[in-house]
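Student: With this note's numbering applied, the sequence shown closes on residue 339, and no number is skipped along the way.
In this text, a Cβ means the ideal position worked out from N, Cα and C, and glycines have one as well.
The structure displayed is predicted, hence computed values, not measured ones.
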Amino acid sequence: MGGISGEREVSLASGAQVARALRESGHEVVAVDTGHGVLTPTQERAILDSGIRDPHPPEEEQDLLRTGDLGAITSHPLFEGTEVVFVALHGGRGEDGTVQALLHMSGIPFVGSDRVGCALAMDKDLSKRLFRDAVIPTPAWISVNGREEGEARLGEISRVLRLPVIVKPPSGGSTLGLSLAHDEEELGPALELALEYEDRVLFEAYVPGRELTVGILGDQTLPVGEIIPEHELFDYECKYRDGMAQEIFPADLPVEIAERLQAHALAAHRALRLRDFSRVDFILGEDGTPWCLEANALPGLTGNSLLPKGARAAGISFPDLCESLANMALARGQV
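1. Tell whether a beta-carbon distance below 9 Å holds between V284 and V211.
2. Identify, in the order they occur along the chain, each residue of the same chain with its Cβ nearer than 8 Å to the Cβ of P254, setting aside the five sequence neighbours on each side.
3. For L278 versus S117, is the C-beta distance shorter than 9 Å?
4. If you draw a straight line from the alpha carbon of Q104 to that of E87, how long is it in whole angstroms?
5. With DSSP run on the structure shown, which of helix, strand or coil describes R277?
6. Where does the unbroken beta strand (DSSP E) through V148 begin, and where does it stop?
7. What separation, rounded to the nearest whole angstrom, lies between the Cα atoms of S18 and L158?
8. Closer than 8 Å is the cut-off here; do at least three beta carbon pairs connect the stretch 192–203 with the stretch 263–271?
9. Grab me the residues of G304's own chain with a C-beta within less than 6 Å of its C-beta, minus the 5 sequence neighbours each way, in chain order.
10. By the three-class DSSP mapping on this structure, what secondary structure does P294 have?
11. DSSP beta-bridge partners for L216?
12. Contact between the stretch 312–326 and the stretch 285–296: three or more CB pairs below 8 Å?
13. Just verifying my parser: in three-state terms, what is the DSSP assignment at H60?
14. What does the alpha-carbon distance come out to for the pair C122 and Y201?
15. Note down, one range per segment and in chain order, each alpha helix (DSSP H) of at least 4 residues found wholly within the stretch 134–214.
16. Find the nearest neighbour of I232 within the set E160, F322, L310 and L302, judged by alpha-carbon distance.
17. Indicate whether L191 and I161 have their beta-carbon atoms separated by less than 9 Å.
18. When you compare only the Cα positions, how much space is there between S29 and L180?
19. Can you have a look at L329 and say buried or exposed, based on whether 16 or more other CB atoms are within 10 angstroms of its CB?
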């Protein structure tokens with residue numbers, strides 16, 4: 005949990021709540037922040053009480069976190085005899101396959117997708133290519149490398165994708181760096197914002213419609229959920245601040261549309277070679293087309309997170325959800 009990405013705060017909240025849930029189920033749990041090290045019970049309680057803060061830690065905290073050595077963590081004596089690692093990292097090296105590769109090489113069973121699945125899901129450009137190959141509808145997009153190519157192609161982007169356009173870092177999460185450019189004047193600033201997070205930028209056709217999400221647990225889909233944000237987009241504040249979005253589970257949908265969304269979600273999960281759990285996000289277009297936006301290999305597990313809400317709608321409590329995920333990793337063993 006934790007780490008050094010822009011989603012550090014979300015990860016800390018997820019990890020602390022997972023640790024508490026597993027302890028309630030009778031497990032011995034040690035919470036490890038990959039930026040700081042083993043957390044004391046007092047530190048864990050402070051995380052649970054503080055909630056999710058701004059996505060950017062103070063500079064002095066970032067300097068401290070950058071000293072974290074992931075390789076040293078997996079070789080720490082603490083991991084000797086560990087039955088399973090529950091990965092509650094979001095973004096950065098925690099979700100791009102780096103941590104998963106280290107755990108795999110160390111022979112330590114862990115919850116969630118392997119290094120390949122995480123890497124594919126983390127890269128939205130690659131994900132969309134695989135969705136397209138699997139005949140899963142996904143909005144048209146153009147990916148550029150760096151400011152020079154981005155600025156040179158703004159005219160093409162507005163002509164081909166048609167405004168408004170979603171602009172985002174292709175490997176970001178929690179909508180950090182994402183914006184909606186309504187006209188050509190807003191394209192440049194949107195490009196600059198995305199470049200603050202990554203050297204590549206993905207421009208995606210904006211599809212008006214209903215925001216929907218489908219959780220995957222094992223090889224089963226959870227009930228479809230609908231998100232109605234207070235802001236124009238389901239941004240960081242709407243995702244993690246209480247009262248900033250309505251999240252309805254199950255969504256009010258005709259059965260055939262809900263089943264189509266679930267089928268596409270499971271197909272996306274499999275196309276990216278994900279395992280254990282994931283969450284797939286959609287826009288239901290005004291013509292009834294379910295447009296797949298992305299799949300999350302390590303979805304949030306906070307009190308405001310969508311996957312636990314989908315599980316709850318299926319009659320699965322949060323402790324049972326965490327227990328089920330840990331058991332999947334235990335059954336798989338050192339793979």
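Tutor: Straight from the coordinates:
1. The count along the sequence shown starts at 1 and reaches residue 284 at position 280. The count along the sequence shown starts at 1 and reaches residue 211 at position 207. No, Cβ-Cβ distance for V284 and V211 is not below 9 Å.
2. Position 250 of the sequence shown, counted from the start, is the residue given in the question as residue 254. Contacts found: P227, V228, G229, A262 and A317.
3. Against the sequence shown, residue 278 aligns to sequence position 274. Against the sequence shown, residue 117 aligns to sequence position 113. Yes; because the gap between Cβ atoms is below 9 Å, this pair is in contact.
4. To locate residue 104, count along the sequence shown from 1; it is residue 100. To locate residue 87, count along the sequence shown from 1; it is residue 83. Each residue's Cα considered, the two are about 15 Å apart.
5. Against the sequence shown, residue 277 aligns to sequence position 273. DSSP places R277 in coil when its eight states are reduced to three.
6. On the sequence shown, position 144 is the one that residue 148 refers to. Unbroken beta strand (DSSP E) run through V148: W145 to N149.
7. The sequence position of residue 18 within the sequence shown is 14, counting from 1. The sequence position of residue 158 within the sequence shown is 154, counting from 1. Cα to Cα, S18 sits roughly 38 Å from L158.
8. no
9. For the purposes of this step, residue 304 is taken as the residue at position 300 of the sequence shown. Excluding residues within five positions, the ones whose Cβ falls inside 6 Å are V14 and S18.
10. Here residue 294 refers to the residue found at position 290 when the sequence shown is read from its first residue. Three-state result, P294: strand.
11. Looking up residue 216 in the sequence shown gives position 212. The partner list for L216 (beta bridge, DSSP) reads E230 and F286.
12. no
13. For the purposes of this step, residue 60 is taken as the residue at position 56 of the sequence shown. For H60, the pLDDT reaches just 48, beneath the cut-off of 50, and the residue's location in the model is therefore unreliable, leaving the point undetermined.
14. As a first step, residue 122 must be located in the sequence shown, where it is residue number 118. As a first step, residue 201 must be located in the sequence shown, where it is residue number 197. Each residue's alpha carbon lies about 19 Å from the other.
15. 150–156, 158–164 and 188–199
16. As a first step, residue 232 is located in the sequence shown; it is residue number 228 there, counting from the start. Out of E160, F322, L310 and L302, L310 has the C-alpha closest to the C-alpha of I232.
17. Locating residue 191 in the sequence shown gives position 187, where the first residue counts as 1. Locating residue 161 in the sequence shown gives position 157, where the first residue counts as 1. In this structure, I161 lies closer than 9 Å to L191 by Cβ.
18. Residue 29 sits at position 25 when you count from the first residue of the sequence shown. Residue 180 sits at position 176 when you count from the first residue of the sequence shown. Distance between the alpha carbons of S29 and L180: 34 Å.
19. For this step, residue 329 is matched to residue 325 along the sequence shown. Classification for L329: buried.
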